[in-house]
Amino acid sequence: MIIVTTNELPGYRIEHVFGEVFGLTVRSRHIGSNIGASLKSIGGGELKGITQLLHEARHEALSRLAAEAQSKGANAVLAFRFETNEYAGSGGVEVCAYGTAVGVRPFDQQPR
Numbered sequence: 203m204i205i206v207t208t209n210e211l212p213g214y215r216i217e218h219v220f221g222e223v224f225g226l227t228v229r230s231r232h233i234g235s236n237i238g239a240s241l242k243s244i245g246g247g248e249l250k251g252i253t254q255l256l257h258e259a260r261h262e263a264l265s266r267l268a269a270e271a272q273s274k275g276a277n278a279v280l281a282f283r284f285e286t287n288e289y290a291g292s293g294g295v296e297v298c299a300y301g302t303a304v305g306v307r308p309f310d311q312q313p314r
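Its first residue numbered 203, the sequence shown is counted upward by one per residue in my numbering.
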């Protein structure tokens with residue numbers, strides 16, 4: 203699955219547009235992470251537990267996006283983006299990956 207942030211894919215022809223696809227996950231931090239983040243925010247610096255939470259959430263959202271695109275018959279996603287929001291003030295995070303699922307073919311490849 204080719205996933206790009208651009209609206210076009212150099213070297214490829216868009217043969218079919220399947221439409222919007224999404225990958226969504228909502229994650230919450232555990233109590234120890236919340237306490238550690240509160241203490242760390244006083245002194246400054248990276249909140250490593252939160253960084254890891256966001257990394258894992260983005261990876262999961264991206265995997266779900268690719269699975270949805272593939273289930274529609276796509277082999278690429280264009281105009282890919284992430285959107286991240288705090289979830290209901292609970293210390294959780296919502297991550298949405300979205301884009302346009304398409305079927306592409308290299309310019310030098312003949313149609314089937």
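The beta-carbon is built from N, C-alpha and C at its ideal position, and this holds for glycine as well.
Under DSSP, THR286 shares a beta bridge with VAL297. Looking at the DSSP output, GLU222 sits in a beta bridge with THR302. Between the segment 212-223 and the segment 273-288, the count of C-beta pairs closer than 8 angstroms reaches three or more; the two stretches touch. Around the Cβ of ALA268, a 10 Å sphere holds 16 or more other Cβ atoms; the residue is buried. Only exposed fits GLY275, as fewer than 16 other CB atoms lie within 10 angstroms of its CB.
Nearest in C-alpha terms to ARG260, of all of LEU226, ALA271, ILE205 and THR302, is LEU226. With respect to the 7 angstroms criterion, GLU270 and VAL228 are not classified as neighbours on the basis of their beta carbons.
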